[in-house]
Amino acid sequence: MDADGYPPIDGESIIAAATIALERGLIFLDDADAETRLVFDTLAGTVVATARLEQHSGSVRVDSVTMTNVPAFVAAAAQPVQVGGRELRVDVAFGGVFHAIIDTDAIGIPLDGSRMPELQRLGIDLLRALNAGGRFAHPVDSTLSRVAALTITSAPRDPEAHLRNVTVTPAGALDPSASVTGTSAAMAILDAMGLLPEHQDFIHEGMTGALLRGRVVRRTEVADRPAVVTEITGTAWITGEHTFVLEDEDPFREGFVL
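Per this note's numbering, the very first residue in the sequence shown carries number 113; after that it's consecutive.
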């Protein structure tokens with residue numbers, strides 16, 4: 113889950129879950145394995161996570177995880193949406209969830225930490241207006257509906273990256289990572305525009321400076337729409353562990369709702 117609820121898929125969580133499962137020995141491996149393949153069942157479809165492994169002092173370390181995503185496709189190009197008395201145009205693409213994508217030049221607000229409250233407000237208003245019509249649903253699975261995030265892009269700061277971005281959810285939560293589903297969606301749009309880098313990785317930079325690396329592995333169709341299957345590579349680190357205790361005498365041991 114995230115601050116906006118339960119998305120049908122979350123790529124960063126898959127990278128993290130694969131890392132935890134392997135580094136904590138929840139899945140047993142042959143010591144000779146240099147990589148291992150895990151299959152995840154999600155509400156958006158089945159995805160494969162391939163972890164690249166290293167040995168450190170006799171323990172397994174996950175160097176990176178490459179997630180082969182569900183097919184990504186463009187749902188609408190230059191979709192007009194009224195926000196705050198002006199018309200903006202966004203591209204909408206599916207990368208596991210629907211992302212609306214817009215550049216900072218179009219909104220007139222730079223992608224800067226000091227401007228996050230403005231970008232957050234814009235994201236809330238734009239997504240509310242965009243979803244009011246209820247026109248966005250996956251052509252094969254209608255339960256995958258609504259635009260789940262606004263991805264705002266700008267020129268990168270890292271010389272290796274192609275774009276820098278931040279993601280805003282309908283509830284106003286900000287995702288400072290490059291976003292796995294947002295990266296797949298952006299790649300589908302760039303591919304449709306003929307702007308996706310040929311024969312090289314597409315590098316997406318988050319607000320934290322962390323990078324995701326994406327590449328197209330094959331082309332397909334989703335209900336007659338051109339689509340791309342992407343591999344997105346990232347790295348996760350375990351930052352802590354927590355133990356939950358259920359005391360028999362605790363009347364609220366299973367939680368409560370106000």
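We treat Cβ as the ideally placed atom computed from N, Cα and C, and that holds for glycine. As the structure is a prediction and not an experimental result, all values here were calculated from the model.
Spatial neighbours of valine 195 in its own chain (CB-CB distance under 8 angstroms, excluding positions within 5 residues in sequence) are listed in chain order as Leu234, Asp237, Leu238 and Ala241.
Residues Pro222, Leu223, Ile264, Thr265 and Ser266 of the same chain have their beta carbon placed closer than 8 angstroms to that of threonine 216, with the five preceding and five following residues left out of the count. Per DSSP, valine 252 lies in no beta strand (DSSP E) segment and is marked neither H nor E.
Close CB contacts of isoleucine 350 within its chain, under the 8 angstroms cut and outside five residues either way in sequence, are with Thr131, Ile132, Glu135 and Arg136 (chain order). By alpha-carbon distance to alanine 261, the top candidate from Glu333, Asn277, Thr180 and Thr255 is Asn277.
Under the Cβ criterion (8 angstroms, minimum of three pairs), the region 284-295 counts as touching the region 201-221. Looking only at Ala163, Arg247 and Asp362, the smallest Cα-Cα distance to arginine 173 is reached by Ala163. Pairing glutamate 272 with glycine 306, the inter-Cα distance amounts to about 20 angstroms. A check of alpha carbon separations from threonine 178 across Gln191, Gly117, Ala304 and Asp313 identifies Asp313 as the nearest. When rounded, the separation of the alpha-carbon atoms in phenylalanine 364 and alanine 146 is 45 angstroms. The beta carbons of glutamine 232 and valine 202 sit about 16 angstroms from each other, so the pair does not count as a contact at 8 angstroms.
Counting only residues of its own chain and dropping the five nearest sequence neighbours on each side, leucine 358 has a CB closer than 6 angstroms to the CB of Arg365. Taking all protein chains in view, the Cβ of threonine 345 is crowded by 16 or more other Cβ atoms within 10 Å, so the residue is classified as buried. In this structure glycine 321 is in contact with aspartate 270, their Cβ atoms being roughly 7 angstroms apart against a cut-off of 8 angstroms. Following the DSSP letters along the chain, one finds arginine 240 inside the alpha helix (DSSP H) bounded by residues 228-244.
One alpha carbon belongs to leucine 150, the other to proline 268, and they sit about 32 angstroms apart. Cβ neighbours of alanine 129 within its own chain (closer than 7 angstroms, five residues either side excluded): none. Classified as exposed, threonine 158 has fewer than 16 neighbouring CB atoms from the shown chains inside 10 Å of its CB. Taken atom to atom, the span from the alpha-carbon of valine 204 to that of glycine 117 is near 21 angstroms. Judged by DSSP in its simplified three-state form, aspartate 336 adopts coil rather than helix or strand. Looking from the CA of proline 120, the closest CA among Val182, Asp336 and Ser171 belongs to Val182. Annotation: arginine 330 to valine 340 spans about 6 angstroms, alpha carbon to alpha carbon.
Unbroken beta strand (DSSP E) stretches of 3 residues or longer found wholly inside the region 170-208: 171-180, 184-195 and 198-206, given in chain order. Closest in alpha carbon position to leucine 323, among Ser289, His311 and Asp336, is Ser289.
Judged by DSSP secondary structure, serine 266 falls within the beta strand (DSSP E) whose first and last residues are 259-266.
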